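Following: one structure in structure tokens, then a few remarks.
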Amino acid sequence: MADLSVSLAGLRLRNPVVLAAGTCGYVREAADAFDLGRIGAVTTKSITAEPRDGNAPWRIIDSPAGMLNAIGLANVGIERFVAEKLPTAAGLPCALIGSVAGHSVDEYLKVAEAFDARGEIGAIELNVSCPNTADGLQFGEHPDALRALLGEIRPRVRRKPLIVKLSPNVGDVVAMAAAAIAGGAQALVVANTFSAMAIDVETRAFRLSRGRGGLSGPGIHPIVVRMVHDVWRGPAREAGVPIIGLGGVTNWRDAAEFILAGATAVGMGTALFIDPRSPVRVVDGLAKWVERQGCRTVTELVGAARSAP
Ligand SMILES: Cc1cc2nc3c(=O)[nH]c(=O)nc-3n(C[C@H](O)[C@H](O)[C@H](O)COP(=O)(O)O)c2cc1C
């Protein structure tokens, strides 16, 4: 049998499949659909310092090749998360990645430090697609803002691997990846959702209450494959920083494509809304693919894409 295990900056995963932040509840909800012992990791929804109700409806709508969401980081806040949700991680048969969001450096710090102190959390993921209320700029869209954020967090979060989830809504995703690595990121997620909009042509109203939201699902997959490859060929391979490819994976082929482009692990989000059991099929398909490729381990195939003959 092929060895599908991978390492994310020291966090060992049984296989490369990771459930994406915000698409599988807090910790264990996906266990209603399948045995979490079959996948590599679950990512918590993004947790903020204070509880948040999120945006008014509509905050999820479908689109021809995926979905748009503007949830607005609805969550119970770090204190209730630690008291009520984290205990459900006892005996979790896969790794748990804690996702952190905030609107100031202090908010990120509060959640990241709380995660760093907890044994249940295997790695900390910074969702940097949030505006800083101090200047209105998104941390993940400006290299200086990202560097400043990591400059505060990295020295105070020392126990757990630090993952930065990049925003795709930038002119130069490679420059943002370089800034993240320079700031101490030990792994990267490429990427979050694409800024998007939908309008009801009869009522002329924006379909999402906030007007704009994030596009995810199969429609973004080829764009993210290109981004994963650019980031891997750019700063990530040289620095030995693993990438989690995330965007539009619905089957093992999509996951294999990310791996060939340079991803060590593969996230799944929107696919869970279509078929919550699809991650298990992706794992099984990857195992057969690795064997067909004549490899013993999946890591042999990371970045193994080549020019067309
Ligand atoms: C309903 C929904 C909620 C999401 N919530 C979060 C979140 O809390 N934090 C985060 O970093 N990303 C969040 N995301 C983005 C996903 O983690 C992922 O980056 C994105 O959906 C692209 O992957 P996919 O095409 O496989 O869905 C959310 C996506 C969806 C669809």
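Note that my numbering has the sequence shown beginning at 96, numbered continuously upward.
C-beta: ideal position from N, C-alpha, C; glycine also.
This one's a predicted model, so the numbers in the text were calculated from it and none came from an experiment.
For lysine 383, the enclosing alpha helix (DSSP H) stretches over residues 373-387. Bounds of any beta strand (DSSP E) do not take in isoleucine 142, whose DSSP letter is neither H nor E.
Around the C-beta of valine 296, fewer than 16 other C-beta atoms lie within 10 Å, and the residue is accordingly described as exposed.
Going by DSSP, leucine 396 is part of no alpha helix (DSSP H) at all; its letter is neither H nor E. Within a 10 Å sphere around the beta-carbon of threonine 345 sit 16 or more other beta-carbons, which makes this residue buried. Per the Cβ contact rule, the segment 271-285 is not in contact with the segment 305-315 (fewer than 3 Cβ pairs under 8 Å). In the DSSP assignment, valine 361 falls within the beta strand (DSSP E) that extends over 360-363. Distance between glycine 217 and phenylalanine 301, taken at the CA atoms: about 39 Å.
In this structure, leucine 381 keeps its C-beta atom at 9 Å or more from the C-beta atom of serine 373. Of all C-beta pairs linking the segment 355-367 to the segment 383-399, three or more are shorter than 8 Å, placing the two stretches in contact. Membership of glutamate 174 in the alpha helix (DSSP H) is indicated by the continuous run 172-175. Ranking Glu145, Leu187, Asn110, Val195 by CA distance to the CA of leucine 244 puts Val195 first. In this structure, the beta-carbon distance from alanine 125 to proline 313 does not fall below 9 Å. With fewer than three CB-CB distances shorter than 8 Å, the segment 166-174 does not count as touching the segment 245-253. Within the chosen limit of 8 Å, ligand 1 reaches the beta carbon of valine 284 through at least one heavy atom. When Cβ pairs closer than 8 Å are counted between the two stretches, the segment 225-239 is seen not to touch the segment 180-194, the count staying below three. Exclusion of leucine 381 from the 8 Å shell around ligand 1 follows from its C-beta lying no nearer than that to any non-hydrogen atom of the ligand. Residue ranges of uninterrupted alpha helix (DSSP H) with 4 or more members, entirely inside the segment 329-364 and ordered along the chain, are 347-356.
Ranking Ser402, Arg376, Arg391, Pro404 by CA distance to the CA of valine 101 puts Arg391 first. Beyond the five residues adjoining it in sequence on each side, phenylalanine 129 comes within less than 6 Å, by CB distance, of Arg372, Val375 in the same chain, given in chain order. Proximity of the beta carbon of alanine 275 to ligand 1 is not indicated: no heavy atom of the ligand is located closer than 8 Å. Non-local C-beta neighbours of asparagine 150 in its own chain, meaning closer than 7 Å and more than five positions away in sequence, comprise Ala165, Ile166, Gly167, Ser304, Arg305, ordered along the chain.
Beyond the five residues adjoining it in sequence on each side, aspartate 349 comes within less than 7 Å, by CB distance, of His316, Gly343 in the same chain, given in chain order. Contact between proline 256 and alanine 282 holds, since their C-beta atoms are separated by about 6 Å, short of 8 Å. Take leucine 310, set aside five residues on each side of it, and the residues of its chain with a beta-carbon closer than 7 Å to its own are Ser158, Gly161, Leu163, Thr288, Phe289, Ala291, in chain order. The alpha carbon of alanine 240 has as its nearest neighbour, out of Ser199, Gly117, Thr359, the alpha carbon of Ser199. With a threshold of 8 Å, the Cβ atom of asparagine 287 counts as near ligand 1, since some heavy atom of the ligand is closer than that.
As a beta-bridge residue in DSSP terms, glutamine 233 pairs with Pro226. Distance from the CA of alanine 331 to the CA of isoleucine 294, rounded to the nearest whole angstrom, comes to 38 Å. For leucine 168, no beta strand (DSSP E) encloses it, and the DSSP letter there is neither H nor E.
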